[in-house]
Amino acid sequence: MKNIPTIHTRIRTSYLTALAGLAAATTLPAQQSERPNVIFILCDDLGFADIEAYGNQHISTPNINKLAKNGMSFTQMYASSTVSGPTRASLMTGEHTGRTKIRGHIEISPEGQAPLDTTVKTIAHLFKKAGYATGGFGKWGMGFPGSGSEPTDVGFDRFYGYNCQRQAHFYYPTWLYDNKTKIALDGKTYSQDVIHQQALQFIRNHKDQPFFGYFAYIIPHASLEQPNDSIYQKYADKYCETPYNGSHYTSAAKPRAQFAGMVTRLDTYVGEILAELEKSGILENTMIIFTSDNGPHNEGGADPEFFNTEKRLKGYKRALYEGGIRMPFIVRWDKKVAPGSINHHIGAFYDMMPTFADLTGQQETWTQRTDGISILPTLTNEGTQAVHDYLYWEFHEENGRQAVRQGPWKLLRQNIKNAPSLELYNLDEDLYETTNLYLKYPDKVQELVNIMDGARTPSALFNFGR
């Protein structure tokens with residue numbers, strides 16, 4: 038662990054150093070190579086500093102370390118929201134949360150959530166158009182059975198996992214979905230293991246054709262539970278524990294051990310994905326992206342402060358401070374992405390749609406409007422990287438929040454429903470958002486307020502609780 042860079046090292050490493058690493062890499066334009074497979078690993082509620090590659094010194098993640106050693110680690114990549122559903126919808130559609138139909142969680146009985154706008158194409162449609170096999174495994178949370186917004190309705194050939202994000206709070210379910218078929222389980226099967234095996238089988242089934250795999254594990258979201266095996270036992274007696282006996286999530290006698298074990302279990306899955314790709318002879322031609330949907334949670338007994346090696350970014354899940362939205366984001370693509378490189382490009386998950394359009398040669402023919410920009414020039418060190426004028430977020434729980442980032446400046450609007458207040462930070466000088474500069478820079482505040490007010494389109498479903 039002693040050779041793993043800290044958060045400070047990764048964020049403050051010279052940009053020139055990163056560029057030098059890129060220049061040294063062997064890169065080829067995507068158009069000159071065989072169409073690469075793409076695996077997008079999206080974990081659930083994993084914070085920026087919850088893995089060794091981003092500074093954690095309490096939890097073992099050797100396989101994710103290998104991704105970072107052989108790929109590019111971003112220090113300023115953002116989830117599109119501070120909770121699950123809107124982030125996933127934005128990833129799928131290339132729209133920020135001021136435009137997506139799904140901007141929060143609207144629960145549908147007996148299971149499911151409000152659906153995607155099915156007139157908007159997804160990244161799965163994009164890959165299908167390019168001739169890729171498409172598979173989704175894990176948590177969906179963007180529709181309900183019969184909504185027309187299940188995975189196989191919106192571009193995926195294959196899906197196995199949870200349709201409903203609320204059901205995904207529980208790791209030993211009594212059912213999962215195989216495409217649209219509800220599969221009964223005994224309540225004793227650890228969902229992540231069986232979902233992971235389905236994901237590995239998808240790789241085997243499509244090793245001879247290009248594929249896009251969306252591997253949406255629910256680890257380490259609460260409840261904190263897993264098999265009592267060697268992974269858990271690694272941490273079982275390591276920490277001083279306060280049992281969790283809450284009402285919504287499953288009780289955990291040793292929540293710290295459970296959380297640490299779950300993250301290491303996720304790391305084991307990453308290792309098995311790499312091994313399967315290598316065994317199939319396609320590792321070199323596969324782009325692997327590893328990230329999380331939002332910041333860390335403190336639910337079900339989770340204790341994010343305990344596992345923080347250094348000062349944690351301010352805010353958890355549901356906050357629009359950096360801790361709620363700034364994500365670990367690692368991309369490995371052998372011989373294309375500079376190994377061991379660190380990049381400070383400012384981006385967001387809605388950049389994935391134009392990136393994948395660029396990757397598959399559809400940058401001229403994929404005409405769906407997007408709020409994103411392709412990051413392929415950054416990944417391959419080929420061409421000129423465009424930059425965002427601004428990034429935008431909105432959140433509709435807890436009286437509503439908005440945020441805008443433009444360069445180093447970040448403006449937050451809090452408590453929108455009742456008594457709105459503004460906070461202004463310069464992230465280059467104040468990464469941990471401790472000094473509100475709202476009164477010191479009124480012109481900058483007004484500039485960002487104008488951007489904030491113009492960024493969103495009205496929504497009948499989401500209006501900050503008003």
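Mapping of the sequence shown onto the working numbering: residues 38 to 503, in sequence order.
Backbone N, C-alpha and C fix where the C-beta goes; we use that ideal spot for every residue, glycine too.
Excluding the 5 residues preceding and the 5 following residue i in the sequence, name in chain order all residues of the same chain whose CB lies nearer than 6 Å to its CB.
| i | result |
| --- | --- |
| Glu262 | Tyr208, Thr287 |
| Leu498 | none |
| Thr494 | Arg136 |
| Ala290 | Pro280 |
| Lys454 | Asn436, Gly437, Phe501, Gly502, Arg503 |
| Thr211 | Leu222, Gly224 |
Measure the C-alpha to C-alpha separation of residue i and residue j and round it to an integer number of angstroms.
| i | j | result |
| --- | --- | --- |
| Thr417 | Phe193 | 27 Å |
| Tyr469 | Pro333 | 16 Å |
| Ser117 | Tyr91 | 20 Å |
| Gln150 | Glu434 | 15 Å |
| Thr472 | Glu321 | 45 Å |
| Asn487 | Asn282 | 46 Å |
| Pro182 | Ile145 | 10 Å |
| Ile76 | Phe252 | 7 Å |
| Gly58 | Leu104 | Bear in mind that the predicted position of Gly58 carries a pLDDT of just 40, short of 50, making it unreliable; the figure below should be weighed with that in mind. Their Cα atoms are separated by approximately 16 Å. |
| Ala312 | Met390 | 27 Å |
| Asp87 | Pro257 | 10 Å |
| Glu309 | Asn452 | 44 Å |
| His285 | His206 | 9 Å |
| Thr305 | Thr98 | 8 Å |
| Asp395 | Leu413 | 7 Å |
| Asp465 | Asp154 | 37 Å |
| Lys481 | Phe432 | 22 Å |
| Met114 | Pro341 | 20 Å |
| Ala297 | Asp215 | 29 Å |
| Ser121 | Tyr358 | 16 Å |
| Gln295 | Gln234 | 21 Å |
| Trp430 | Gln405 | 21 Å |
| Glu419 | Gln399 | 17 Å |
| Lys316 | Ala236 | 15 Å |
| Tyr272 | Asn345 | 16 Å |
| Gln483 | His382 | 25 Å |
Relative to the alpha-carbon of residue i, which residue among the options has its alpha-carbon at the smallest distance?
| i | options | result |
| --- | --- | --- |
| Pro376 | Val441, Met109, Tyr475 | Met109 |
| Pro247 | Thr171, Leu459, Val300 | Thr171 |
| Lys348 | Ser97, Asp467, Lys138 | Asp467 |
| Ile326 | Phe393, Tyr227, Ile453, Tyr475 | Phe393 |
| Thr415 | Lys373, Leu449, Gln439, Thr397 | Lys373 |
| Tyr227 | Gly84, Thr407, Pro264 | Pro264 |
| Asp82 | Asp223, Asn200, Met364, Lys271 | Met364 |
| Gly384 | Phe239, Phe164, Ile367, Gly398 | Ile367 |
| Gln229 | Glu278, Thr301, Met179, His162 | Thr301 |
| Met129 | Ile143, Thr156, Pro152, Ile160 | Ile160 |
| Trp370 | Glu401, Asp408, Met324 | Met324 |
| Cys201 | Tyr169, Ile268, Gln270, Pro152 | Pro152 |
| Gly178 | His162, His142, Pro210, Val191 | His142 |
What whole-angstrom Cβ distance do residue i and residue j have, given they're in contact under 8 Å?
| i | j | result |
| --- | --- | --- |
| Ile379 | Thr119 | With 8 Å as the limit, Ile379 and Thr119 do not qualify as a contact, their Cβ atoms being about 24 Å apart. |
| Arg140 | Thr134 | 5 Å |
| Gly131 | Tyr387 | 5 Å |
| Val307 | Ile101 | 6 Å |
| Ala259 | Gly337 | 3 Å |
| Phe249 | Phe164 | 4 Å |
| Phe85 | Leu350 | 6 Å |
Buried or exposed: where does residue i fall if 16 or more other Cβ atoms within 10 Å of its Cβ makes it buried?
| i | result |
| --- | --- |
| Cys80 | buried |
| Lys123 | Checking the sequence shown, residue 123 turns out to be Pro, not Lys. It is buried - the Cβ of Pro123 has at least 16 other Cβ atoms within 10 Å. |
| Tyr52 | Note that Tyr52 scores a pLDDT of 34, beneath 50, so its modelled location is shaky; the value from the coordinates is reported in the next line. Exposed, by the Cβ-count rule. |
| Glu187 | buried |
| Pro445 | exposed |
| Lys35 | Any property of residue 35 remains undetermined from this structure, which presents the chain solely from 38 to 503. |
| Gly491 | exposed |
| Ala339 | buried |
| Trp403 | buried |
| Pro479 | exposed |
| Phe501 | buried |
| Pro147 | exposed |
| Ile240 | buried |
| Lys138 | buried |
| Ser329 | buried |
| Lys447 | buried |
| Arg49 | In this predicted model, Arg49 has a pLDDT of only 43, less than 50, meaning its place in the structure is not dependable enough to derive any value. |
| Asp266 | exposed |
| Glu71 | exposed |
| Leu314 | buried |
Could you pull out every residue in the same chain whose Cβ sits closer than 7 Å to the Cβ of residue i, ignoring the five residues on either side in sequence?
| i | result |
| --- | --- |
| Ile319 | Asn74, Lys244 |
| Gly361 | Thr119, Asn331, Gly332, Gly352, Tyr353, Lys354, Arg355 |
| Ala423 | Ile410 |
| Tyr427 | Val441, Arg442, Gln443, Ile488 |
| Thr189 | Phe196, Asn216, Lys217 |
Can you give me the Cβ contacts of residue i inside the same chain, cut-off strictly under 8 Å, excluding the 5 residues immediately before and after it?
| i | result |
| --- | --- |
| Ile232 | Phe174, Gly175, Tyr197, Gly198, Leu213, Tyr254 |
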